[in-house]
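First up is the structure itself, then whatever we jot down about it.
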Amino acid sequence: MASAGFFTCMLLALFIGIWPCHAQNVTLSVYYETLCPYCSDFIVNHLVKLFHSRLFSIVNLRLVPWGNAVLQSNGSFLCQHGPDECLLNTIEACTISVYPNEEQHLGFILCLERLASANELNEWINCFNTTGLATVPIDCYKSGYGNVLENQYAAETAQLDPPHKFVPWVLVDGQPLQEDFKNFVTYVCNAYKGEQVPEACHPLPLMNNSLKKATPSYPASLLSADTPYSITWLLIYGIHFSFSFSLL
């Protein structure tokens, strides 16, 4: 019986082009908006770890550039950080669609978010040259298809359960990490059940029910809709942030 099961698995792999007996990759979802400084910091200084130690080999990355934007009754978008954010949300949505390869579109988004952090947004179009990608996403934006994508992201964000409390809002296999989102590597590694464990997962502490028991590290009363840490919290505890803005 065991050999028959293995043979069936082999046949499925031949017919549908995948190896169904392998453990599934971990889905890492990031709900964000392009000009939120905390989103830029997370992408530039933390999400970039996916490029290191073969983490991409065990992750299915989903980037959702909508965040706290609002879909108005006339079909237009109202973005938290103004019209420029609406434009760049759509450009990033188009880039994800045109270049579905996760390493490609994340590379572009990293470049753009670094410029956003450095207040050099007028140079964002250069990120196509920097990453070696064609400017097809601009055509996507001009055609109006980017608005279709953003409407889809708006609906997906609205259906989050529980709803997002701030951005970036990070999930591992559908479970929100709450305020512990910067520690996403640990959650990804603990959720992965495959045998080929990447270097980034050695050594990492095991976490008991890590996904379902991700508890807030900071009082919920101090959280704002846009940021995971309020100004009050920063003043009380003297947290200082530093950012790195090196280009790809």
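Numbered per mature numbering (1 follows the signal peptide of the UniProt record, and there is no 0), the sequence shown spans residues -23 to -1, 1 to 225. Built from N, CA and C at the ideal position, the CB exists for glycine as well.
For my contact list, residue i and residue j are in at a C-beta cut-off of 8 Å; report their separation, rounded to the angstrom.
{"i": "C117", "j": "C71", "result": "4 Å"}
{"i": "L92", "j": "E100", "result": "6 Å"}
{"i": "L5", "j": "A131", "result": "About 21 Å; that fails the 8 Å criterion."}
{"i": "V165", "j": "V149", "result": "6 Å"}
{"i": "L32", "j": "V162", "result": "7 Å"}
{"i": "T67", "j": "G84", "result": "Their Cβ separation, rounded to whole angstroms, is 19 Å, which puts T67 and G84 out of contact at 8 Å."}
{"i": "L38", "j": "L27", "result": "7 Å"}
Using the Cα positions of residue i and residue j, report the straight-line distance between them to the nearest angstrom.
{"i": "L98", "j": "P42", "result": "17 Å"}
{"i": "S198", "j": "Q155", "result": "The predicted model places S198 with a pLDDT of 35, which falls under 50 and marks its position as unreliable, so this point remains unresolved."}
{"i": "G59", "j": "V36", "result": "32 Å"}
{"i": "I102", "j": "E79", "result": "19 Å"}
{"i": "T11", "j": "S17", "result": "7 Å"}
{"i": "L89", "j": "C104", "result": "6 Å"}
{"i": "H23", "j": "I115", "result": "27 Å"}
{"i": "A46", "j": "L137", "result": "14 Å"}
{"i": "P180", "j": "Y9", "result": "29 Å"}
{"i": "V7", "j": "A95", "result": "22 Å"}
{"i": "V3", "j": "V144", "result": "21 Å"}
{"i": "P139", "j": "S34", "result": "28 Å"}
{"i": "S30", "j": "Y169", "result": "15 Å"}
{"i": "N106", "j": "S74", "result": "18 Å"}
{"i": "Q1", "j": "E172", "result": "11 Å"}
{"i": "C178", "j": "Q129", "result": "33 Å"}
{"i": "F19", "j": "K159", "result": "7 Å"}
{"i": "N167", "j": "E69", "result": "30 Å"}
{"i": "T134", "j": "S50", "result": "17 Å"}
{"i": "L65", "j": "T112", "result": "14 Å"}
{"i": "H82", "j": "V25", "result": "12 Å"}
{"i": "Y15", "j": "V21", "result": "10 Å"}
{"i": "L110", "j": "D157", "result": "33 Å"}
{"i": "G151", "j": "P77", "result": "20 Å"}
Could you tell me if residue i is buried or exposed, where buried requires 16 or more neighbouring beta carbons within 10 angstroms of its beta carbon?
{"i": "S120", "result": "exposed"}
{"i": "C(-3)", "result": "Note that C(-3) has pLDDT 37, beneath the 50 cutoff, so the model's placement of it is unreliable and no number is given."}
{"i": "E62", "result": "buried"}
{"i": "H141", "result": "buried"}
{"i": "G44", "result": "buried"}
{"i": "T(-16)", "result": "A caution first: T(-16) carries a pLDDT of 41, below 50, which makes its placement in the model too unreliable to give a value."}
{"i": "P153", "result": "buried"}
{"i": "E176", "result": "exposed"}
{"i": "L212", "result": "Residue confidence is low: L212 scores 35 on pLDDT, short of 50, so the model does not pin down where it sits. No coordinate-derived value is stated."}
Using a C-beta cutoff of 8 Å, does residue i count as contacting chain C?
{"i": "R91", "result": "Note that chain C does not occur in the displayed structure, where there is just one protein chain."}
Exercise. When the Cβ atoms of the region 122 to 135 are set against those of the region 52 to 69, are three or more pairs found closer than 8 Å?
Worked result: yes
Problem set entry | Contained beta strand (DSSP E) runs [length at least 3] in the region 93 to 165, N- to C-terminal order | 146 to 149
Problem set entry | Ordered list of beta strand (DSSP E) runs contained in the region 14 to 75, each at least 3 residues | 36 to 42
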